[in-house]
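Numbering (my numbering), first residue to last: 6 to 237. Structure first, commentary second.
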């Protein structure tokens, strides 16, 4: 139990650094089998490795690292600020910037490597802890990094705790059995930086109450970081 609390201390500290709540922020629950809320498109960060590929001007293709100042350098354009924009937003920006120099500036932006961002796996797994978010990692891939599930793990009730762009926490309840069987592969969702994957070993009757008890009440600073979750 102490090890779980230690991991969650790190988790909540990192997840809260992007947003400080002025008031308690509610979470919501999706039931197993319900459509999952789409995650926001990834935003480029300093240290990311980007592949810039031109469909009709391959001589301009580049692989560039986002510098600590949040900029990249590209042929014909020089420095461009990219920190905090999505790959699709950067594609639109590059099309507009290259329009005066190229006849058909169709371009794709691919995030090839992420800047050591992490996800956290806890609960009834072999090796709970923090793991690098490599590429487009799914829940099942993160569980593999954690050594897999222990016997008796509730695969139909795995939780993913995530904050949106405004810092509002969401609790997603997913059914890994459906993903494993191929019945519903959308249950094996992609993870975003600082997501928490929690595998219970017993049935959770009320997800909000569980997260409230496990995080806010077990950590002395839980409410202080704005991760207050109401009970119903």
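Virtual Cβ for every residue (Gly too), placed ideally from N, Cα, C.
Sufficient close CB pairs (3 or more, under 8 Å) joining the stretch 147–165 to the stretch 119–129: Yes, the stretch 147–165 is in contact with the stretch 119–129.
Cβ-Cβ distance between residue 122 and residue 138 below 8 Å: Within the chain shown, numbered from 1, the residue matching residue 122 stands at position 117. Within the chain shown, numbered from 1, the residue matching residue 138 stands at position 133. Remark: C-beta atoms of residue 122 and residue 138 approach each other more closely than 8 Å.
Cβ-based neighbour list, residue 110, same chain, cut-off 6 Å, excluding 5 preceding and 5 following: On the chain shown, residue 110 is found 105 positions in, with the first residue counted as 1. The answer, listed in chain order, is 100, 103, 104.
Extent of the continuous alpha helix (DSSP H) run through residue 144: To locate residue 144, count along the chain shown from 1; it is residue 139. Its alpha helix (DSSP H) spans residues 144–150.
Residue 79, buried or exposed, once every other Cβ within 10 Å from all chains shown has been counted against 16: Position 74 of the chain shown, counted from the first residue, corresponds to residue 79. With 16 or more other Cβ atoms from the protein chains shown falling within 10 Å of its own Cβ, residue 79 counts as buried.
When 60, 164, 73, 68 are compared against residue 206, the one with the closest alpha-carbon: For the purposes of this step, residue 206 is taken as the residue at position 201 of the chain shown. Residue 164 is the option with its Cα nearest to residue 206.
Residue 99, DSSP secondary structure in three states: The count along the chain shown starts at 1 and reaches residue 99 at position 94. The answer is helix: DSSP assigns residue 99 an H, G or I state.
Candidates 75, 155, 142, of which the one nearest residue 133 by Cα: To locate residue 133, count along the chain shown from 1; it is residue 128. Among 75, 155, 142, the Cα nearest to that of residue 133 is on 155.
Under the three-state DSSP convention, the category residue 200 falls into: Residue 200 sits at position 195 when you count from the first residue of the chain shown. Residue 200: coil per DSSP, three-state reduction.
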